[in-house]
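Data block below; observations after.
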Amino acid sequence: MAIQIFNSLSRQKEAFIPLEEGKVKMYVCGPTVYNYIHIGNARPVIVYDTVRRYLAYRGYDVTYVSNFTDVDDKLIKAANELGVEVPEIAERFIQAYFEDTKALGCDEADVHPRVMDHMPQIIDFIEALVEKGYAYESQGDIYYRTRKFEGYGKLSHQSVDELKVGARIETGDKKEDALDFALWKAAKPGEISWESPWGKGRPGWHIECSVMAREHLGDTIDIHAGGQDLTFPHHENEIAQSEAYTGKTFARYWMHNGYINIDNEKMSKSLNNFVLVNDILKELDAQVLRMFMLSVHYRHPINYSQQLVEDAIAGLERLRTAYANLKHRLETSAGLGDHTDIWLSKMNAIKEEFVETMDDDFNTANAISKLFDLSRLSNTYLLEKQTSTEVLEAFIALFGELAGVLGLPFKQEAELLDAEVEALLAERIEARKNRDFARADEIRDLFKEKNIILEDTAQGTRWKRG
RNA sequence: GGCGGCAUAGCCAAGUGGUAAGGCAUGGGUCUGCAACACCCUUAUCACCGGUUCGAGUCCGGUUGCCGCCUCCA
164 MAIQIFNSLS RQKEAFIPLE EGKVKMYVCG PTVYNYIHIG NARPVIVYDT
214 VRRYLAYRGY DVTYVSNFTD VDDKLIKAAN ELGVEVPEIA ERFIQAYFED
264 TKALGCDEAD VHPRVMDHMP QIIDFIEALV EKGYAYESQG DIYYRTRKFE
314 GYGKLSHQSV DELKVGARIE TGDKKEDALD FALWKAAKPG EISWESPWGK
364 GRPGWHIECS VMAREHLGDT IDIHAGGQDL TFPHHENEIA QSEAYTGKTF
414 ARYWMHNGYI NIDNEKMSKS LNNFVLVNDI LKELDAQVLR MFMLSVHYRH
464 PINYSQQLVE DAIAGLERLR TAYANLKHRL ETSAGLGDHT DIWLSKMNAI
514 KEEFVETMDD DFNTANAISK LFDLSRLSNT YLLEKQTSTE VLEAFIALFG
564 ELAGVLGLPF KQEAELLDAE VEALLAERIE ARKNRDFARA DEIRDLFKEK
614 NIILEDTAQG TRWKRG
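My numbering runs 163 ahead of the 1-based position in the first sequence.
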């Protein structure tokens with residue numbers, strides 16, 4: 164059974180069959196880089212990074228492109244406010260983006276195209292649209308002739324007339340129709356601009372994605388993804404531009420993730436209720452944030468709150484502990500156990516369920532529950548007096564495999580205690596041997612002050628950071 | 001006004017026809033020198049009303065409530 168993807172275009176789950184067998188061309192709308200990313204921006208990055216990982220896990224060769232919009236009204240505004248040039252602002256926040264998303268366990272895209280690097284292609288693209296009659300010049304601006312494109316509205320499932328009834332769209336006297344949108348904007352005095360056949364100016368908002376997707380992935384891509392709020396007008400306009408230009412299907416599967424809410428309201432830069440990733444990571448383990456994001460289906464909204472963050476911390480801790488306990492047992496008590504086949508087959512069942520649920524429109528919430536199932540299974544196994552190296556290693560490998568798909572590796576950095584602390588630990592082991600529990604507890608408290616938790620097991624004392 | 005989404009235990013959250021996954025929290029037990037970790041047990045008339053069906057959280061119709069898009073926004 165093929166992977167099922169909910170396609171916003173059809174509003175249904177569809178079997179995923181890429182254009183070219185075994186290969187996936189994927190484009191994810193990236194941020195406008197005029198500020199640090201907030202956790203709402205981080206959601207698509209994490210979600211589609213996971214989609215990409217899963218597709219790769221299932222054997223696809225994925226080409227993943229995600230843009231930076233580095234020319235835009237907001238960047239110009241930010242540059243003016245800070246008294247620096249637009250490219251400098253862009254560069255600063257692109258670097259910040261990489262730092263934040265890397266911390267969140269997201270791999271870099273194969274290509275991160277930037278608008279400023281594609282001016283000739285953008286201008287050519289617009290010229291072609293003008294020639295085809297899909298765009299027109301008006302006082303140095305170029306507008307897209309929305310009504311000319313037959314399929315306009317097919318993604319947002321609205322007809323041109325329905326959209327117009329919205330009535331919040333202002334009819335500028337430069338436009339033929341209120342729904343027309345700018346492909347190119349004439350430069351205002353002092354603004355960053357590029358030479359074009361229509362004079363100095365810069366691209367409108369939507370054109371860059373059409374141009375850069377085509378430039379790096381070709382006329383037709385398999386998956387185009389982004390936040391729900393991009394459905395209209397951004398993605399609708401991309402379709403209009405690209406399909407008018409090429410005459411071919413622009414993107415075959417459209418994926419849209421839900422929002423992050425704060426107190427049940429959408430988090431957005433315009434509402435000014437956003438939480439920056441950069442700030443949050445100062446006090447929070449980045450993996451917790453990733454766990455939090457993946458614990459809800461990507462198309463559903465998530466409400467962000469302290470309580471839920473704490474739940475994610477506790478859940479992640481449970482997984483990490485299960486993994487650490489396996490490692491500890493492997494190091495301290497290898498051997499041969501019975502019923503190896505039974506345990507291996509139980510593990511395999513969990514793996515199959517994991518794949519099955521991820522195949523079903525990337526149900527990461529359910530997939531995480533499979534990791535919890537695996538934890539219970541391995542913890543139960545550790546109750547056995549005699550464990551086998553083979554089974555322990557299989558558990559560890561499966562944990563690594565499945566958690567890796569979700570981008571939640573349980574890194575176990577080999578850490579050493581300093582000599583003084585090591586001596587204390589030895590003293591405590593000796594004290595317990597002599598049943599001097601008062602001293603043993605005293606030492607355990609000392610460790611606790613150093614944020615080290617001691618746990619006594621049948622296989623000896625182990626420690627972990629609190 | 002148009003289009004769409006959501007409503008499942010104290011909290012979060014899976015689940016698109018066959019007597020409700022999972023996590024957190026709570027309570028009880030086992031394990032432990034005591035703990036910790038862990039394991040076992042414990043908690044749901046699936047918003048409301050009607051319909052289809054042998055059978056519905058799941059399909060259809062309606063009601064209520066919340067949210068989103070139609071304007072920059074992931």
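C-beta: ideal position from N, C-alpha, C; glycine also.
Bear in mind the structure is a predicted one, so any value in this text is a computation, not a measurement.
- In the DSSP assignment, the residues bridged to K188 are T226.
- For the pair D273 and T309, the CB atoms are not nearer than the 8 Å cut-off.
- Bounds of any beta strand (DSSP E) do not take in L342, whose DSSP letter is neither H nor E.
- Within 10 angstroms of the beta-carbon of E248 lie fewer than 16 other beta-carbons, which makes it exposed.
- The DSSP assignment places complete alpha helix (DSSP H) segments of no fewer than 4 residues inside the region 209-285 at 236-245, 249-266, in order along the chain.
- Put simply, the region 221-236 does not touch the region 427-440. Fewer than three CB pairs are less than 8 Å apart.
- Of the residues A557, G390, I200, Y315, the one whose Cα lies closest to the Cα of V191 is G390.
- Inter-residue distance for P276 and Y544 is about 49 Å (C-alpha atoms, whole angstroms).
- Beta bridge pairing from DSSP links W357 with G364.
- Sequence-distant partners of L493 (beyond 5 residues in either direction) whose C-beta falls short of 8 Å from its own C-beta, in its chain, are T552, L555, E556, I559.
- In this structure, the beta-carbon distance from G623 to T495 falls below 8 Å.
- In the DSSP assignment, A298 forms a beta bridge with Y307.
- D392 is not a Cβ neighbour of Y416, given a cutoff of 8 Å.
- Comparing alpha carbon positions, the residue from A345, L569, E583 closest to L218 is L569.
- In terms of Cβ geometry, L439 and H201 form a close pair [threshold 8 Å].
- P352 counts as exposed, since fewer than 16 other C-beta atoms from the protein chains shown sit within 10 angstroms of its C-beta.
- Sequence-distant Cβ neighbours of G367 in its own chain, meaning closer than 7 Å and more than five residues away, are F344, A345, L346, W347, K348.
- Counting the other Cβ atoms within 10 Å of the Cβ of I616 gives fewer than 16, which makes it exposed.
- Pairing A414 with D524, the inter-Cα distance amounts to about 17 Å.
- In the three-state scheme derived from DSSP, where H, G and I count as helix and E and B as strand, Y197 is classed as coil.
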